[in-house]
Amino acid sequence: MSGAKQQLQAAWAICGKDLRAEFRTRYALSAIGLFALTTLTVVSFAVGPLFLEADLLSALLWVILFFAAMAGLSRTFVHEEEARTAPALRLAAPPVAVYLGKGLFNLVLLLLLEALIVPLFIAMMGLRVGNPGLFLLVLLLGDAGLAGVTTIVAAMVAQASARGALFTVLSFPLLLPLLIQCIEGARAALAGQSTATAAASLGVLVAYAVATGTASVMLFPAIWTEM
Amino acid sequence: MHRLVLQGIGKRYGRLRALQGVEAQVESGEVLVVAGRNGSGKSTLLRIIAGLTRPSSGTVLLYENGRILPPEERRCRIGLVAVDVALYGELSAWENLAFLARVRGRPLSPMEAQQLLASVGLAGREDDLVSTYSSGMRQRLKYACALLHQPPVLLLDEPSANLDAAGAQMVERILAQQRERGLVVLATNDPREVAWGDRVIRLGEESL
Amino acid sequence: MVWKRWADVGKWVLGGWMVAVLLGAFLLDARRLGTLGQGARIIFFHIPTAWVTVLALAVSSVYSIRYLVWRGQADDRHAVHSAGLGILFCLLATVTGSIFARITWGAFWNWDPRETTIFVLLLFYAAYFALRAAVSDEETRAALSAAYNVLGLVVVPFLVFVAPRLPGLAGLHPEPIVNVRGELDMDPWALLVFLAALAGFTGIYLWTFHLANRIGLAEQRLNVLEERDGRPVDR
């Protein structure tokens, strides 16, 4: 009964539902946004008049993005369990559609976060972005990997009891290779390297997103259904 | 024509045994009542039938015209109403219905949705957020959500919970309609509801 | 039960073997290990423990995959036991490596690519056990941790591939064994002790894994008995 087209439609519906609910309550957006703003302010204040190299700045940016993600990306699943709506969703939706739909939702959250934080970061740190195209590409590809992994980890955390720090604890080891590569990519973009030279870095980001995404799609039904 | 068969269903949570050796059969046109005290495992059994919980032992088989349905297809044939299965409070009644319908691959037109809501006594309240609903209204909406895909198998956990007398009548009407379409499994400890059953199994009274 | 016979006899052989390894490790002339001095003896412990870490984690992943496919409770037990041993050997590898780093380069930790990799592995398995501790239902716990284990497996190649790209430090790890030309470049006696240590530590892992599984199986049988009789068994 669930062809690929229907699964995608269901995923789209799930993403849409989450977005609609999110815009009404703005819970995750506030958590993520406020966290990121606070962190950014602290960093900017601490750094002050110091001149920082591109290396450190790119690392700082991704640290802020990572922890902001940790503040809000688990909500999509945790809220379903806490509000007791998860069983209805389990019964109504094909499992893969749930993963894709909520993964897409988390991706949108990340994009909104970056739309807010990245320009602010560039302005407050007085950055010169050597290769904006590459910078954007690294952000987008990094987001894909970030969304893919955090979504499946969120599904795991939602079924555990001591949820607080568990999401970060579980996500970090999986995301570290991605973060390292994103920091490296951002550094190259700030320094003005050409996109062609950075192709290897971009390749790793794509490979990471594809590998973890595929694995997640295959693993998701095992952790979502029939517990 | 549908037939639901429960074979040796058992469920353990660690050392605690919630269910043991449950056997039952129901066919289209029939109502199976699962009776027992609080904590006897009625809700657990319903969840196992729905495919939400994995049994520790035993099997659930759903036959459609003699063919056994795999779990993915079974999911599409089931509607569940339970007190601890909630609806999306941030969405309106209409949005809840539309969402669940789309996700099941059977989009609802606004007119169909209105008819459905009217049949559960919620006409005119479709645009209100469910968080503003009373518990009785939520229960009615749960029926609408469970029935929107016309499932041959309807699972009801405490059917009249939170419902007034008019609501209870609605339940009886729904049961009658469901008999024509398929079968019902109903969990309750209300003797009046137990009387609705063509078959009754009692939990929590087996000797170990 | 064939394993049991092997283990009961094997443990004596293993014990003797490891005594020989220890003697070799400390009695061997340190100059045979190159110019790194007495501290170089650590390779007889650091590299085997690092290798066993990887082995244990690979074995754990295999059992996790088996669990996800067949949902056999034994597979979940095996996965956990191997992961536990993995984390133990990982700690050993990290500590021995850190000691060597202090002696040779003056600092306990440098974020050298391999140090980073082993540290992240440590974090990953700590997270694995944190996940298991946070889930009360047996089957849910097994399924979630198995899935997490497999995710880790998918991510490890990226770790190995990406860690060397950390800006700043180039790799500090010396190459006393396989040099630039890719040849085995070690003194024959040192090589002998090294390979013996490698085999010995692997043997320790296999034996401990076997023991842990036997205990796990016995626990499981006791649980079944307790349930059947309805009263606790005196352990």
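Residue numbers (my numbering), protein chains in the order written: chain A, 1 to 227; chain B, 1 to 208; chain C, 1 to 235. Note that beta-carbon positions come from the ideal geometry of N, C-alpha and C, so glycine has one too.
Residue interval of the beta strand (DSSP E) (run including residue i)
| i | result |
| --- | --- |
| Gln-20/B | 16-27 |
| Ser-58/A | Here Ser-58/A belongs to no beta strand (DSSP E); instead the alpha helix (DSSP H) covers 54-72. |
| Ala-35/B | 31-35 |
| Val-81/B | 78-81 |
Residue i (DSSP reduced to helix, strand or coil)
| i | result |
| --- | --- |
| Gln-38/C | helix |
| Glu-183/C | Summary for Glu-183/C: the model assigns pLDDT 43, below 50, so the residue's position carries little reliability, and this model does not support an answer. |
| Thr-59/B | strand |
| Gly-105/B | coil |
| Arg-214/C | helix |
| His-149/B | coil |
| Val-156/C | helix |
| Gly-8/B | strand |
| Arg-90/A | helix |
| Ala-170/C | Confidence at Ala-170/C is low in this model, with a pLDDT of 49, below 50, so its placement is unreliable and the value that follows should be read with caution. In this structure, Ala-170/C counts as coil in the three-state DSSP scheme. |
| Ser-92/B | strand |
| Arg-163/A | coil |
| Trp-6/C | helix |
| Val-169/A | helix |
Rounded straight-line distance, which links the Cα of residue j to that of residue i
| i | j | result |
| --- | --- | --- |
| His-78/C | Ala-133/C | 17 Å |
| Leu-14/C | Leu-22/C | 12 Å |
| Leu-117/B | Ala-144/B | 6 Å |
| Arg-214/C | Ile-204/C | 15 Å |
| Val-178/C | Trp-111/C | Residue placement at Val-178/C is poorly supported in this model, since its pLDDT is 36, which falls under 50; the coordinates still yield a value, given next. When rounded, the distance between both Cα atoms is 22 Å. |
| Leu-140/A | Leu-111/A | 8 Å |
| His-210/C | His-81/C | 9 Å |
| Gly-192/A | Tyr-125/C | 38 Å |
| Gly-213/A | Leu-205/A | 12 Å |
| Asp-157/B | Thr-188/B | 7 Å |
| Val-171/B | Gly-103/A | 38 Å |
| Ser-216/A | Gly-16/A | 21 Å |
| Ala-50/C | Ile-99/C | 14 Å |
| Thr-76/A | Leu-153/C | 25 Å |
| Ala-218/C | Ala-113/B | 58 Å |
| Arg-102/C | Phe-108/C | 5 Å |
| Ala-160/A | Leu-28/C | 52 Å |
| Ser-171/A | Arg-202/B | 46 Å |
| Arg-210/B | Gln-178/B | In the structure as shown, chain B starts at 1 and stops at 208, and residue 210/B therefore has no counterpart that could be examined. |
Nearest-angstrom Cβ-Cβ length linking residue i and residue j, presumed shorter than 8 Å
| i | j | result |
| --- | --- | --- |
| Ser-58/A | Ala-196/A | At roughly 19 Å, the Cβ-Cβ gap does not stay under 8 Å, so Ser-58/A and Ala-196/A are not in contact. |
| Gly-79/B | Leu-155/B | 7 Å |
| Ala-189/A | Asn-131/A | 5 Å |
| Leu-123/C | Pro-177/A | Not really, about 12 Å apart at Cβ, beyond 8 Å. |
| Gly-182/B | Pro-151/B | 7 Å |
| Val-31/B | Leu-87/B | So it is not a contact: roughly 25 Å between Cβ atoms. |
| Leu-219/A | Val-150/C | 6 Å |
| Leu-175/B | Val-184/B | 6 Å |
| Gln-6/A | Gly-105/B | 5 Å |
| Tyr-99/A | Thr-39/A | Between Thr-39/A and Tyr-99/A the Cβ distance is about 29 Å, and since that is not below 8 Å, they are no contact. |
| Gln-25/B | Arg-3/B | 7 Å |
| Ala-199/A | Phe-99/B | In fact, because the Cβ distance is near 42 Å, the residues do not count as touching under 8 Å. |
| Gln-139/B | Gly-121/B | At roughly 10 Å, the Cβ-Cβ gap does not stay under 8 Å, so Gln-139/B and Gly-121/B are not in contact. |
| Gly-72/A | Ala-28/A | 4 Å |
| Ile-9/B | Val-81/B | Wrong, their Cβ atoms sit about 21 Å apart, outside the cutoff. |
| Gly-58/B | Glu-138/C | Between Glu-138/C and Gly-58/B the Cβ distance is about 17 Å, and since that is not below 8 Å, they are no contact. |
| Ala-97/A | Ala-11/A | 4 Å |
| Ser-64/C | Ala-130/C | That belief does not hold up - the Cβ atoms of Ser-64/C and Ala-130/C are roughly 16 Å apart, past 8 Å. |
Limits of the unbroken alpha helix (DSSP H) element including residue i
| i | result |
| --- | --- |
| Tyr-88/B | Where Tyr-88/B is concerned, there is no enclosing alpha helix (DSSP H), given that its DSSP letter is neither H nor E. |
| Arg-215/B | Given a span of 1 to 208 for chain B in the structure shown, any question on residue 215/B remains unanswerable. |
| Thr-188/B | Looking at the DSSP string, Thr-188/B is not in any alpha helix (DSSP H); the run it does join, the beta strand (DSSP E), is 183-188. |
| Met-125/A | 95-125 |
| Thr-76/A | 75-82 |
| Gln-9/A | 4-25 |
| Phe-51/A | Neither: Phe-51/A is in no alpha helix (DSSP H) and is coded neither H nor E. |
| Trp-236/C | What is shown of chain C runs 1 to 235, which leaves residue 236/C out entirely. |
| Gly-86/C | 73-105 |
| Thr-151/A | 132-158 |
Residues bridged to residue i [DSSP beta-bridge criterion]
| i | result |
| --- | --- |
| Tyr-13/B | Leu-16/B |
| Asp-157/B | Ala-187/B |
| Ile-68/B | Tyr-63/B |
| His-2/B | Glu-64/B |
| Leu-97/B | Answer is none; Leu-97/B lacks a bridge partner. |
| Leu-129/B | Ser-92/B |
Contact with chain E by residue i, beta-carbon distance below 7 Å
| i | result |
| --- | --- |
| Leu-91/C | Checking the listed chains, one finds no chain E in this structure; the protein chains it contains are A, B and C. |
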